[in-house]
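Chemist:
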Amino acid sequence: MKLAIGCDEAALDLKETIKAHLSDQTQVSVEITDFGVHAADPMDYPDIAAKVAEAVARGECERGILFCGTGLGMAIAANKVPGIRAATCHDVFSAERAQKSNNAQIIALGARVIGPELAKMVVSAWLVSEFAGGGSTQKVEKIMQIEKKYSRSI
Numbered sequence: 268m269k270l271a272i273g274c275d276e277a278a279l280d281l282k283e284t285i286k287a288h289l290s291d292q293t294q295v296s297v298e299i300t301d302f303g304v305h306a307a308d309p310m311d312y313p314d315i316a317a318k319v320a321e322a323v324a325r326g327e328c329e330r331g332i333l334f335c336g337t338g339l340g341m342a343i344a345a346n347k348v349p350g351i352r353a354a355t356c357h358d359v360f361s362a363e364r365a366q367k368s369n370n371a372q373i374i375a376l377g378a379r380v381i382g383p384e385l386a387k388m389v390v391s392a393w394l395v396s397e398f399a400g401g402g403s404t405q406k407v408e409k410i411m412q413i414e415k416k417y418s419r420s421i
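The numbers in the sequence shown follow this note's numbering, run straight up by one, and end at 421.
#1: Pop quiz: A278 and A342 are said to be a contact at Cβ under 8 Å. What is the actual Cβ separation, rounded to whole angstroms?
#2: Which same chain residues, not among the five before or five after P383, have their C-beta less than 7 Å away from its C-beta?
#3: If we require 4 or more residues per run, which alpha helix (DSSP H) segments fall completely within the stretch 285 to 339?
#4: Which residue marks the beginning of the beta strand (DSSP E) containing G377, and which one marks its end?
#5: Nearest to P349 by CA position, among K318, A307, I381, Q294, is which residue?
#6: Classify I413 as helix, strand or coil using the three-state DSSP reduction.
#7: Assign G400 to one of three DSSP states: helix, strand, or coil.
#8: Starting from A392, follow the beta strand (DSSP E) in both directions and report where the run begins and ends.
#9: Would you identify the three-state DSSP class for K347, choosing helix, strand or coil?
#10: By Cβ distance, which residues of its chain are closer than 8 Å to T300, with the 5 residues on each side in sequence left out?
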């Protein structure tokens, strides 16, 4: 699976921890594209969220993981990219449901909210989860219809 990741300076350590975890785990083979940051210099998180979300929306990467202080701003910014469904996840159940029920291509985690061991479990749960389809298909299609209704071509 091609995976885009990115963070702001508040979450650099967590991003690096998850990168190492992804390299070590054997559940899903991943190829990581890291959109930064690569140093603790201040960076506006919407810039990173846009890069990751655009890579996923264009099909260059299948999924993405974003990290910031809370995970909230990254998810909000990523959701502005047409076609993206990003969810903030700080527990395993939410990570599973983000994929199974909502077909979320991106999750966002907050380094000031979640510790590294739980973050590893959250990411692993999301990676192995598949969209369940069924009744969720109609709901995700409605989300996409709402997006289309309120989006305008650029």
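Glycine residues also receive a C-beta, built at the ideal position from the N, C-alpha and C atoms.
Modeler: This is what the structure holds:
#1: Contact doesn't hold; Cβ gap of about 13 Å is too wide.
#2: Cβ neighbours of P383 beyond the five flanking positions: L281, T284.
#3: Listed in chain order, they are 312 to 324.
#4: Start and end: 373 to 377.
#5: K318 is the residue among K318, A307, I381, Q294 whose C-alpha sits nearest the C-alpha of P349.
#6: Three-state result, I413: helix.
#7: G400: coil per DSSP, three-state reduction.
#8: Boundaries around A392 are those of the alpha helix (DSSP H), 383 to 395, since no beta strand (DSSP E) includes it.
#9: Three-state result, K347: coil.
#10: For T300, where only same-chain residues beyond five positions count, the Cβ hits under 8 Å are K269, L270, A271, I272, A322, E327, C328.
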